[in-house]
Structures are given as structure tokens and as C-alpha cells.
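Here the structure is laid out as C-alpha cells; the discussion comes afterwards.
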Amino acid sequence: MNLAVQKTLSLLLLLVIGFLLRKKLKDPAQQKGLKTLILTVALPAIIFVALLKAEVQWDLLALPILAISFNFLLYFILKYTLPLFGIEKDSSPYRTYLLLFPSLAPGLSCFPFLIEYLGDDALAWGALADIGNKVFVLVIAYMIAMSWYFKINKDIKTGNKDKIKSLLLSLVNEPINLVIILALILISVGIHLENLPVFIATAIGTLSNLMTPLVLIFIGIAVVFNWKQIRKIAGLLMIRSGLTFLLSGIVLIFAPQLSYAAILVLVVFPQSAISFWPFAHMASVTALEQESEKKRNKTFDMELAVNILACSLPFTTVIMLAVFSFGEIFTSPTTLFSVGFVLLGLGIIKPLLKWFKLIEYEPALEKETHSS
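Going by our numbering, 1513 is the number at position 195 of the sequence shown; the sequence numbering is gapless.
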């Protein structure tokens, strides 16, 4: 069996194991303990290792810029299109979709395929692009989440300066962000992972290895199968994927000289599964709301967030396998546009049917009113 497929199946197996452990870890305190371990130990460790391993080459700095541009572009597209799919603007589901959908988790969904099908160079390009994505999911997404929290909870009486100060303090106190600051300081003075004492590097590397299994097992434990919700998620994932194919096709039109490997990286990297990191920010905001003595409106829908993460990985896996199985075909902008429009069509067909039914229903209702 193909190594990339085996890797994917092993990740899906961890989700299944988590699901099977639900009865053993049904106590909310146990789940909270597992989540705390992820947010304060495993996640910071893997970020620290990734940053200290990064070797930035000046001629490749366009990759992280392209990645973070994609994050922002998808964010603003979804901001104005999500209400068209029956998601009420400024509701907790709206904020949940809007924070999660522009994020990428290439380490879990894209990198195994890059190394298997395209080799080390492609993986290095993906890792460099992920620096831009990390800025968005770790810093920008956190600031967006906290700004929503302050906007909803207006009884927290702070001026604009105090709000900014609180946001920055929350940002600095986040273990993930403390690790980023430390790693950037070390890199700036020329210290990389191989320069650290062996016992420190080994310990941090071992902790970082906990990240993937813990996250997937946690998702399996916490996922709630709301089938109506999952059907909507699947439709929106198709729209996300379709928009991504269209954006990749547009970039490819302006860069036709790219190599085969570079084109496939351009296509599959933004198709990566939704990242766990914005979910971590949501968890931080939810914890603030739960700690308050006053009952507060929910900024995010955490059940929905878990289901989005659970659906995203298998969906992305199918996309990745399709792209790499027909690699040459997906190097053409025409193919990318065609596939993009097909996925968009599949995603919007149900909302369109509802819209047409509503149009048919309203004239009928008006006719009945006149006749009476």
C-alpha cells in the first residue's frame, strides 16, 4: 500500500480510537485535562521545534506571503458569503465557521503526501509557506477571537486602550505565543534546534510527537454526531475546497513557468485540513466565559467546532488522493477552474433549492391571502 495512504489511514485510526474511548473519558474534567495537555505542552512543543528547524531563504519569501494572503482572502470571502447558506451573521456558528475555515493544518493533511509523492524539496516549500499560515492561525486568529469576545461582552467596561492592553496581555500569556517569541529570539541570534544541548532538543522533540495523536484522539472523544450539522459542514467544506481550486488556478495563470512539483504544492497546500489552532483560541475564549460569575453569550459553538475538525480531515484526504492520483491533470488552470466550479455547485445546490422553494412558497401564500 502507498506510504502516504498508510499515513492517512493511521491518522484516521487515531480518530476512531478516540471515538471508542468516549465512554472511558466521558467526564468533562477528564476531557478538560486532555485539552490542557494539548494546549500547554504538546502544541507549544511542536511549534517550537518547527520554528527552530526553519531555514529561511530570501528567494522563497514569497511562499509565506502567498499563504497568509490566502488566509486573509478566504476569510473575507466567507465573511460575506456565509449568511447566504443560512448561517445567521454574528451568531456563534457564524463566528465558528469564519475563524476555522480560512485556517490550514498542512502538517496533518498535506505534508505526508508531499514527502511521498514529490520529495524533500516540496516538503521544504510547504514548510516555508506554513510560516505565513502560522502567523494567521496563531496570532491573527487569536486577536480576532478576543476582539469578538470583547464585542459580545460589552459589560466588561474597558476603554479602547484597555481592551488593546487586555488583548495583548492575553496574547503574551498564551503558552503558544510565548514559545513563538522565545523561538524567534533564539533564531535571531543564530541558535537553531541542532545548537541546543542534546538532552533539551530530545525532550522537546519527544513532547512535540505527542501533538498529532493527542489532538486526533481528543477530537474522536469530543465529537458529537449531529447529522444535520454534519451535512451542512460537508456542503461548506465543498465550497471552501472549490474556492481554493479557483484561487490556485488564478495564481497559476500568472505563474505558468512553475515546475510540476511547485504547481502541485500550489494546488494541495491550500487544500489542507482545517487547523486545530483556531479551535485552541476558541477554547481559551470559552474558558473565560465559563470562569465568569455572570452568564454570558457564547462567542463560539464548540460542538460545531469539534465536528468541523472531525469532518475536515477525511474530506481533505479524499481531495489530496484525487490530486496526486491524477497529478498531471491538476497542473492545468482549466482543470482547476472546472473542479472548483463543480465543488461550488455541489456545495450550493441545497441552499439554492431552499431559496427556490421559498420563492415558490411566498407567491402561493400571497395568493391565499388575497383570496381570503
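Where is the CB? At the ideal position from N, CA and C, for every residue including glycine.
Query                                                                                                                       : Result
Helix, strand or coil at P1420 according to DSSP, with G and I counted as helix                                             : coil
Per-residue burial, V1660 [other beta carbons within 10 Å of its own, 16 or more giving buried]                             : exposed
For S1409, the three-state DSSP class (helix, strand or coil)                                                               : coil
Member of I1365, G1663, G1658 and A1640 whose CA lies at the smallest distance from the CA of V1497                         : I1365
Whole-number beta carbon distance between A1442 and L1384, since they are thought to touch under 8 Å                        : Wrong, their Cβ atoms sit about 15 Å apart, outside the cutoff.
Nearest-angstrom Cα separation, counted from A1363 out to L1564                                                             : 35 Å
Reduced DSSP category for Q1547 - H, G, I as helix; E, B as strand; rest coil                                               : helix
Beta-carbon gap between V1585 and L1662 smaller than 8 Å                                                                    : no
Integer-rounded CB distance, given that G1665 should sit under 8 Å from L1554                                               : 7 Å
Opening and closing residue of the alpha helix (DSSP H) in which L1692 lies                                                 : This structure gives no information on residue 1692, because the portion of the chain shown stretches from 1319 to 1690.
First and last residue of the uninterrupted alpha helix (DSSP H) at D1619                                                   : First-last for D1619: undefined, no H or E at that position.
For H1510, the first and last residue of its enclosing alpha helix (DSSP H)                                                 : Unbroken run through H1510: none, as it is neither H nor E.
Sufficient close CB pairs (3 or more, under 8 Å) joining the stretch 1346-1355 to the stretch 1501-1514                     : no
Beta-carbon proximity of L1534 to L1343, cut-off 8 Å                                                                        : no
Chain-order list of residues whose beta-carbon lies under 6 Å from that of F1648 (same chain, five-residue window excluded) : V1585 and V1641
Contact check, A1459 vs P1632, beta carbons under 8 Å                                                                       : no
Q1575 to D1439 span [Cα, whole Å]                                                                                           : 17 Å
Which of helix, strand or coil DSSP assigns to L1683                                                                        : With a pLDDT of only 44 at L1683, under 50, the local geometry of the prediction cannot be trusted, and no value is derived from it.
Reduced DSSP secondary structure (H/G/I, E/B, other) of I1592                                                               : coil
DSSP state of Y1646 mapped onto helix, strand, coil                                                                         : A small fix is needed here, since residue 1646 is Glu in this sequence, not Tyr. Residue state, collapsed to three classes: coil.
Same chain only: Cβ atoms within 8 Å of F1429, ignoring 5 sequence neighbours per side                                      : L1441, G1444 and A1445
Residue from L1381, F1394 and Y1415 whose Cα sits closest to the Cα of K1550                                                : Y1415
Neighbour-count burial assignment, I1503, 16 or more Cβ in a 10 Å radius                                                    : exposed
Span of the alpha helix (DSSP H), counted from its first residue to its last, around G1437                                  : Element bounds for G1437: n/a, residue is neither H nor E.
Best match in A1623, Y1435 and K1452 for proximity to I1548 [C-alpha to C-alpha]                                            : A1623
Integer Cβ distance of S1593 from S1421, believed to fall under 8 Å                                                         : 4 Å
Per-residue burial, T1652 [other beta carbons within 10 Å of its own, 16 or more giving buried]                             : exposed
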